[in-house]
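S.K.: Residue numbers (the working numbering): 7 to 144.
Right, here's the structure in full:
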């Protein structure tokens with residue numbers, strides 16, 4: 007859980023830094039912390055967050071594939087981790103190399119925190135019924 011909270015903190019910080027770079031004197035280049043947040047920390051923390059759910063899931067009452075909300079959070083985490091590795095980090099690396107930011111990078115960095123807040127909401131509310139497999143087991 008601490009890794010997931012760290013991932014959320016990093017992804018909330020990235021759009022703030024990107025927007026600051028886009029709107030202020032850093033507009034000609036990214037904020038120096040961008041390389042640390044987006045270049046060095048996001049990918050390892052994203053992968054650790056994804057990998058930490060696999061051994062933890064069997065120890066909970068919800069397991070991994072018994073409830074739709076757990077399954078949804080898993081897949082959204084997987085997709086967001088993949089997008090962080092394949093899209094966000096290369097976008098930040100490219101912006102650092104070019105020394106310029108654009109609104110696309112601001113939007114791309116804002117997608118992850120919105121996704122995590124959605125994941126948090128469905129995890130707290132525990133929406134949706136159990137899967138067919140879980141209903142059969144009961």
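The beta carbon of each residue, even a glycine, is placed where N, CA and C say it ideally should be.
Keep in mind it's a predicted model, so treat the numbers as computed, not measured.
Could you spell out the range, first to last residue, of the alpha helix (DSSP H) harbouring residue 99?
M.R.: For this step, residue 99 is matched to residue 93 along the chain shown. Element bounds for residue 99: 95–104.
S.K.: Is residue 86 closer than 9 Å to residue 128 when the C-beta atoms are compared?
M.R.: As a working mapping, residue 128 is identified with position 122 in the chain shown. As a working mapping, residue 86 is identified with position 80 in the chain shown. No; because the gap between Cβ atoms is not below 9 Å, this pair is not in contact.
S.K.: Since residue 64 is in the alpha helix (DSSP H), which residue starts that stretch and which ends it?
M.R.: As a first step, residue 64 must be located in the chain shown, where it is residue number 58. Per DSSP, residue 64 belongs to no alpha helix (DSSP H) and is neither H nor E.
S.K.: Buried or exposed, going by whether 16 or more other CB atoms sit within 10 Å of the CB of residue 10?
M.R.: Numbered from its first residue, the chain shown carries residue 10 at position 4. Buried is the call here.
S.K.: When burial is assigned at 16 or more other CB atoms within 10 Å of the CB, is residue 120 buried or exposed?
M.R.: As a first step, residue 120 must be located in the chain shown, where it is residue number 114. By the neighbour-count rule (16 or more Cβ atoms within 10 Å), residue 120 is not buried but exposed.
S.K.: Pick from 118, 97, 117: whose alpha carbon is nearest that of residue 108?
M.R.: Sequence index remark: in the chain shown, residue 108 carries index 102 (1-based). When only C-alpha atoms are compared, the closest one is 97.
S.K.: What is the C-beta distance between residue 93 and residue 116, in whole angstroms, given that I count them as a contact (C-beta under 8 Å)?
M.R.: Residue mapping note: residue 93 aligns to position 87 of the chain shown, counting from 1. Residue mapping note: residue 116 aligns to position 110 of the chain shown, counting from 1. Contact flag wrong, Cβ pair sits at about 13 Å.
S.K.: Considering residue 44, what are the terminal residues of the alpha helix (DSSP H) in which it resides?
M.R.: Along the chain shown, one-based indexing puts residue 44 at 38. No alpha helix (DSSP H) holds residue 44; DSSP gives it neither H nor E.
S.K.: Which residues does DSSP pair with residue 28 in a beta bridge?
M.R.: Working through the chain shown from its first residue, we reach residue 28 at position 22. The partner list for residue 28 (beta bridge, DSSP) is empty, contrary to what the question assumes.
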